[in-house]
Each structure stands twice: as structure tokens, then as C-alpha cells.
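Note sheet for the following structure.
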Amino acid sequence: MIGQQSDYPRENMELNKAEQRKNIEKFIRRMPSLSTTVGKVMEICSRTDASPNELNKVISLDPVLTGQVLKLINSAYYSLVNKVTSLTRAITMLGMNTVKNIALSTAIIRTVSSAKRSKALPTAKFWAHSIGAGVSAKLLGELKGFSPMEREELFLAGLLHDLGKVPFGDEYIEVLNFARWEQRPLIEMERELMGIDHEEVGLMIAEKWKLNKVITGCISSHHDVDRLEGEIGQQIALVSLGNIYANILDHGYAGDPFPAEENIERLLDFVDLSMKDFGSIGNSVGDEIHRAEMFLQI
Amino acid sequence: MKVRFWGVRGSIPSPGMITRKYGGNTACVELRVGQDERLIIIDAGSGIRTLGNALMATDLLNGPIKTDIFLSHTHWDHIMGYPFFTPIYVPTTEVKIYGPVSFEDDPLEAVVGGQMKYRYFPVNVGELSSNIEFIRLKEDPLIDLGDDLQLSTKLLNHPITSLGYRFEYNGKVVCTCYDTEPFRNLFITDPSDPDYDEAMALEGDEVAIEQNMVVEEFFAGADLLIHDAQYTQEEYAARINWGHTSIEYAIAAANRAGVKKLALFHHDPDRTDDQLDQLALQYCGSGKSGETEVFFAREGMVVDLT
């Protein structure tokens, strides 16, 4: 079946792989480093025991983020009668959790947008896919008895797992076309046509931004079914499953409509969940996605 | 406007000999407006069951039951009576259910209607043949409910989104302010704490004071204020952040805001009739505190403001 459609004009893709890699490395070098505040916001917001003082401090260190958070709080979505003019006020009136969630989502969206290079993947659909993966990973984590903090980390890792696709230029459109045309997993096409894949690129960004070990692992290895081990392997496997789930669900689009579905069983074995467990999150996924999207204002 | 209390308890129903005077049902207040006695219900705690039965015996004889139910919030004690509110099983009934949901939560319909699933209850929400509409509320300075009845809502301070209601009709005001606790400074105020930040500590104080004033303005001049008063001040000290107010605070706030009648509400489930009588003697023995008439709300009690 794959061979039948190979008349897609492959000569368009005669890219110099060495050059491709060089371009991407150059792009990442020029990318701004993750502001310390965003890193700290990510750390504090995924902790359940953070104090109001810590939260307030970490957000206010970044005036742009502070402005974005207040703008959201004063949006029609919250529809507060009195304008909220400071973080102290926001935390007092709306509570820690609301402010934490807003800050975290704002910081992440801003961070990823700063790395975006081409229009190959439409932003809204890309986010919808990432949210789907994050939500599914979180729900699977719940089945595994992960703590609320660990589940938040899974959500975050799911949101960021495709970070490595973001710096690809317009030539990526061709790679996406090939993956669809030949009905093959996107990562294989990336390797074949560009000589570099979104896991490797993602790892470069994660290292540059000093993201934590779990999130880095999920970004750099969510397709590496064979190399998973230890506790972090469990978390990566859950994000891999979340990613496949979002693809099957066809929620959003991150260029991979034909993921390696044969990996599902191996991943489920590895995390000791059944196919029935995998299907069981279906009831909640839709609601959770809806909720997360409302919150992220996608 | 006329108010009747069908449930005055907080947290969980507390039936028994030691609560029979004040009643053991959780929050439910009936508000009748105007000459045609338009029916407004505030909260669907376990008290709504007996209200529903009364409506079946009286109102239904005069035609289909039509009502607006306002939920202060969706904690269990304020919604648990909903499946037992008999009028929702009568096909001609029209109910609009208004209330807040926390921002990241499911829609109101799922939160309240979700109680009617086979795992909890023998009737599924989809089997109801009456006309039920759910409307999500946020803070709003003015909602016109028609027939000269106006409503404003105020965001209170509770672990989930909780709204106070202010109903105005023909120059009279009925206000609810529960479940809530006074806003307070959440930030570190001890200068010796390594995380202490003076500006934050000062602003935290300022915001708490200001927000409490906003709440008092919300119920200022009310003819009747129904206020959270679950604890005594002494008990409250060990229950900060639980989302409830002390009797002392509620009385002082109502005084400051020029409230005419204050109904202390949402009694702790462990509070016995004797204890409530004792507290009534202590806090409102004369029936008044300052210019405000103060009493502990009791199941079956009627307050006529006409």
C-alpha cells in the first residue's frame, strides 16, 4: 500500500541534510533562552504546596507575564465587576489555584510561540493536539495512581512533547505531506527526508531552556518505545500513549495522522495498563480537553 | 417579599431530637415576590424536598409550577436535595436553575444534574420530562429578572466559586451572603520569615479590608440579610480557610452595613438546639444588636417584608 503512492514528487525534498541540521542548530542558538521567571513559574505552579508569597513573587518578576495574567483575569471570561489591578489582589480574590493555572498556561504558550518558525503546523490545531496529549497523559496517570502533582507534570510534559516541531521551517510542509501520502509515522519521514527529527530538535531546546528531567525525557523520547526504562520511562510512556490517543481521537493536528499504532500494546505492557484502561479515559478526555482549552483560551 | 426557611443547616443534614427546633435540613430558602407570589428558591439543599412537597399540595392546584432556583454554589449541602424536588418530575413544571461554577469546572448542568446518575440515584437526569434550564452566573451588578424584580450577584470567599445574591423588589431588599468567610491577608506578615515581603504584606492587608468592604456594600441597607454564621469566633480560629464566617463577624458586618434584619444561617451540623438557644441568648438576647434585628434562622420560620 505504501509503495502504490510513491509517485509523490520526492525530488522536491532533495534537501541537503547537513544544511538542514545546520539551519536548525543556528535557529536554536539564536532563540532566546527560557526566561528564568518562566522556568520558575513552571516549577512553582506544578507544586501543590507553593505559598501565596512564592507565587506572587515569581510572577511579578516578569512584568510581561504579570500583565498577561491580569489581562486574562479582567477578561469577559471571569467577568468581575471590579477591575483587578494587582497580583496580590488576584490571589486574594480568586485564590491560588486560578492564578496558578493562568500563569502557567500563559507562560507556556508564550514560550512555545517564541520558538515558532513556520506556518507548517497551524497554531490552534497544534495546541489542540498538545492539549489532547497532555490531558490523556494526565488521565492515564490518574489510573496509575500518580499524585496530583505528578499528574500536573504529565499534563505539562504532554503540552510540550512536540516542542521540537516548532523550529522547522517551511520545508516541513513537504515532510508533513509525505507522511500523509505514504501513511507513515511522521518521525520516520523526518529522519528520512531531513536527517533530523523533532525528538532531537526538542532535546536541543529542552537543554537550552534547562527544562526538568521528566519534561525533557518526554520531549526527547516519546517515540522511543524500545529505550524506555525506570521511573522516568513510565512517565514518558504515559505521554507517548497520550500522544497516540490524541492522534486517534483526531483532536487538533500535529502532522502525525498515522502514528505507529503497533506501539500501543508495548507501551501499555510497559506501564502495566490494559487496552480497556486505555479506552476508559475516553469518557473524560473530551470534557478535560474542553476545560483546558477554555483555560488556555485557545 | 416574603421569605420562608426550609433548611438552615450547613455541611450535612443533621436530623434528630437535638436539632428538631431549628431543624436539620441543609440550605433552602423560599422567596415569594409580589402580589402574584412569584416563586424564587435559593439553594437546593435537603430542605427543598419538603418545599417541593408543599408546592405539589398547593401551587400545582393553581396551575403548572414555574420557578427560578438560585444556587449559592455547588457544594453538596446546597444541591443534594435537587433529585428529591418532586416538581421536576411533573412534565408541566418549568425550572430555571442559576448558579456559579468554578472557572475550570464542568458546566452547571453536569455538576448539579450529575447527581442523577444510576450509580447515585434511581432516576437518570435524561429521564426528566419537565422543562429545566441551567444558566451559569458570574459576578453581575444587575440582572433583570422581569416583573420589577432585580438581582445583583457578588463573588464571595469560599474554596469554590460562591455567589451572594441581592434581590430588590418594590424598594425592599433580600440578600444572601453564604457560604463565605471574610477575606484575609494570605501573604506572610511575619518580618522574620525569610520569604517576607513588606509590600506584599501591606497590600495583602489592604486588599482584604477593601474586599470585605465591597461585600458589606453589597448587602448595605438590606431589609433581610441571610448570612453565613457557622462558627463562634473562638471556633473560627481553628477553622480559618474552611470558607465560613463567625457569628460575631456576621453581626458586626451587618451592623456596619445598616442591615435591618439579620438571619444567622448555615448552622454547624453538630450544633444542638440547646446550644443555638444559648448562643441566641448570648448574641441577640434582646432581639437586637445595634440597629439590626438579629436572630438564628430556624426551619419553618417566615419573615414577611411586605
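Protein sequence lines, in the order shown, are assigned to chains A and B.
Heads up, the first sequence is in this note's numbering, so the first residue is 30 and it goes up one at a time.
Heads up, the second sequence is in this note's numbering, so the first residue is 447 and it goes up one at a time.
Cβ coordinates follow ideal geometry from the N, Cα and C atoms, glycine included.
If you're wondering where the values come from, they're calculated on a predicted model, not measured in any experiment.
1) Excluding sequence positions up to five away, which residues of its chain have a Cβ less than 6 angstroms from the Cβ of B/F580?
2) By the criterion of Cβ-Cβ separation under 7 angstroms, what are the contact partners of A/R118 in chain B?
3) Determine the burial state of A/N312: buried for a count of at least 16 other Cβ atoms within 10 Å of its Cβ, exposed for fewer.
4) Give, in chain order, every unbroken run of the beta strand (DSSP E) that is at least 3 residues long and sits entirely within the segment 669-695 of chain B.
5) Using a Cβ-Cβ distance under 7 angstroms, would B/F629 count as near chain A?
6) In the segment 58-89 of chain A, which residues sit with their C-beta less than 8 angstroms from some C-beta in chain B, listed in chain order?
7) Might you give, ordered along the chain, the residues of its own chain that have their beta carbon closer than 6 angstroms to the beta carbon of A/E48, omitting 5 neighbours on each side?
8) Out of B/P568, B/N471, B/R565, state which residue places its alpha-carbon closest to the alpha-carbon of B/G527.
9) Run through the DSSP bridge pairs and tell me what B/G610 is partnered with.
10) Please classify B/L507 as buried or exposed, where buried requires at least 16 other C-beta atoms within 10 Å of its C-beta.
11) Could you check the C-alpha separation between A/K173 and A/W238 for me, to the nearest Å?
12) Can you tell me which of A/D253, A/A157, A/I73, A/T135 puts its alpha carbon nearest to the alpha carbon of A/A289?
13) Assuming B/Y544 is part of the alpha helix (DSSP H), what are its boundary residues?
14) For B/R478, which of B/K512, B/A503, B/S457, B/Q679 has the nearest alpha-carbon?
15) Please name the residue or residues paired with B/K437 in a DSSP beta bridge.
16) Helix, strand or coil, according to DSSP, for A/I327 in the structure here?
17) Closer than 7 angstroms by C-beta to B/V547: which residues in its own chain qualify, once you throw out the five before and the five after it? Chain order, please.
18) Considering only residues of the segment 545-588 of chain B, which uninterrupted beta strand (DSSP E) runs meet the minimum length of 3 residues and lie entirely inside it, listed in chain order?
19) Given B/L591, which residues of its chain have a CB within under 6 angstroms of its CB, disregarding the five upstream and five downstream residues?
20) For A/M60, which residues in the same chain have their Cβ closer than 8 angstroms to its Cβ, ignoring the five residues on either side in sequence?
21) Closer than 9 angstroms between beta carbons: that is the criterion. Which residues of the segment 655-685 of chain B meet it against chain A?
22) Can you tell me the Cα-Cα spacing of B/R484 and B/A668, whole angstroms?
23) Within 7 angstroms of any Cβ in chain B, is that where the Cβ of A/V110 sits?
24) Go ahead and pull the three-state DSSP assignment for A/E236.
25) Starting from B/C474, follow its DSSP beta bridges and name the residues at the other end.
26) Would you identify the three-state DSSP class for A/H251, choosing helix, strand or coil?
27) Please determine, among B/Q561, B/H690, B/V541, B/F567, the residue with the shortest C-alpha to C-alpha distance to B/D514.
28) Is the separation between the beta-carbon of B/I464 and that of B/T635 shorter than 7 angstroms?
29) When burial is assigned at 16 or more other CB atoms within 10 Å of the CB, is B/A503 buried or exposed?
30) List the residues of chain B whose Cβ lies closer than 7 angstroms to the Cβ of A/S115, in chain order.
31) Where does A/A216 land, buried or exposed, given buried means 16+ other C-beta within 10 angstroms?
32) Opposite B/F516 in the DSSP bridges: which residues?
33) Let me see if you follow: with CB-CB separation under 7 angstroms, is B/P553 close to chain A or not?
34) Just how far apart, CA to CA, sit A/I31 and A/P151?
35) Considering only heavy atoms of the ligand HEM, does any lie closer than 6 angstroms to the CB of B/K734?
In brief:
1) I543, L554, E555
2) V653
3) exposed
4) 670-674
5) yes
6) S80, P81, N82, E83, N85, K86
7) none
8) B/N471
9) B/K600
10) exposed
11) 29 angstroms
12) A/D253
13) Not the alpha helix (DSSP H): B/Y544 falls in the beta strand (DSSP E), residues 540-545.
14) B/K512
15) Nothing in the structure corresponds to residue 437 of chain B, since chain B is present only between 447 and 752.
16) Its pLDDT being 47, under 50, A/I327 is placed unreliably by the model, and nothing is read from it.
17) T520, P553, L554, V557, R582, T607
18) 577-582
19) L597
20) S143, A144, P196, I234, K237
21) E656, Q657, V660
22) 20 angstroms
23) yes
24) helix
25) B/G453
26) coil
27) B/V541
28) no
29) exposed
30) E649
31) Correcting the residue type first, residue 216 of chain A is Ile in the shown sequence and not Ala. Buried, because 16 or more other Cβ atoms sit within 10 Å of the Cβ of A/I216.
32) B/I488, B/Y544
33) no
34) A caution first: A/I31 carries a pLDDT of 44, below 50, which makes its placement in the model too unreliable to give a value.
35) With respect to the ligand HEM, the structure offers nothing, as it holds no ligand at all.
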